[in-house]
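Residues -11 to 194, numbered by this note's numbering, are exactly what the sequence shown covers, in order.
Ideal Cβ placement from N, Cα and C applies to all residues, glycine included.
All values derive from a computational prediction rather than experimental measurement.
A short write-up of the structure that comes next.
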Amino acid sequence: RRAVADPDSPLHGANPADVQVRDGQLETSGARDTYRDILRRAGLLSLDITGNWGPGDADTRISTYGYGAVFAEVSVDPLLGLVRVRRIFAAYDVGRVISPKLAHSQAIGGMVGGIGMALLEGTVTDHRDGRIVNAGLADYLVPVNADVLDLDAAFINTEDPQADPIGVKGLGEITIVGVAPAIGNAVFNATGKRLTDLPIRPEALL
């Protein structure tokens, strides 16, 4: 509105409803004006703008998410409270799988990260000064080969024509987010203790 009301603006006199934002400029009917020039002519350094935005009609949109189910088998030492992951299997629906080998590697990598999330990884804070005590890899625990035993994944290779032109869905975070809950459920099944804090530490099971 400031632009269409400015006699020096190329958009002067235009209908504000016809003005579009494109490539960082305001334009209509071939006439263009930049935010920089609008502010310069008005002698302003900035603009305060209040607006509203909301999602469109949900009935006309389609959500295309990947889905997965994760199963874990663990062993728990009753004396020490140590949890060992014996096996993890996961099944994913991510639409069309273009590269099965790459997708399988992504799934295994997510499982390894999920094992770390569930059993090992966690920062320790010195509350006297807010310093992170385990700020290096010498102290911050991550999974190593000895922590990773039998991992496998399967994919429901079904194209989703409503997802995108090639029928694929995302295969990123879903490979990791289900692992910790699966391990937690397995620990609950083995011990009867429902733990909701991560990582699952031995002292919580003793």
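Requested in this report: Look at the Cβ atom of V78, then the Cβ atom of I26, and state whether they are nearer than 8 Å.
Outcome: Reading the sequence as shown, one finds Ala at residue 78 and not Val. It is not a contact, given that the beta carbons lie outside the stated cut-off.
Query raised in the report: Do A60 and I171 have their C-beta atoms closer together than 8 Å?
Result: yes
Query - C-beta atoms of V58 and A178 nearer than 8 Å - result: Between V58 and A178, the CB-CB gap reaches or exceeds 8 Å.
Query raised in the report: How big is the Cα-Cα spacing for M105 and P149?
Result: Looking at the backbone, the Cα of M105 and that of P149 are separated by about 34 Å.
Query raised in the report: What are the partner residues of G22, as DSSP defines its beta bridges?
Result: Sequence inspection shows Thr at residue 22; the Gly mentioned does not correspond to that position. T22 is bridged to Q13.
Query raised in the report: When the Cβ atoms of the region 154 to 174 are set against those of the region 85 to 94, are three or more pairs found closer than 8 Å?
Result: Contact between the region 154 to 174 and the region 85 to 94 is present, because at least three Cβ pairs lie under 8 Å.
Query raised in the report: Per DSSP, T113 forms a beta bridge with which residues?
Result: According to DSSP, T113 bridges with I120.
Query raised in the report: Mind checking S(-3): buried by the 16 CB within 10 Å criterion, or exposed?
Result: buried
Report task. Can you tell me which of L107, D81, R72, G83 puts its alpha carbon nearest to the alpha carbon of D138? Result -> Of the listed residues, the one whose Cα sits closest to D138 is R72.
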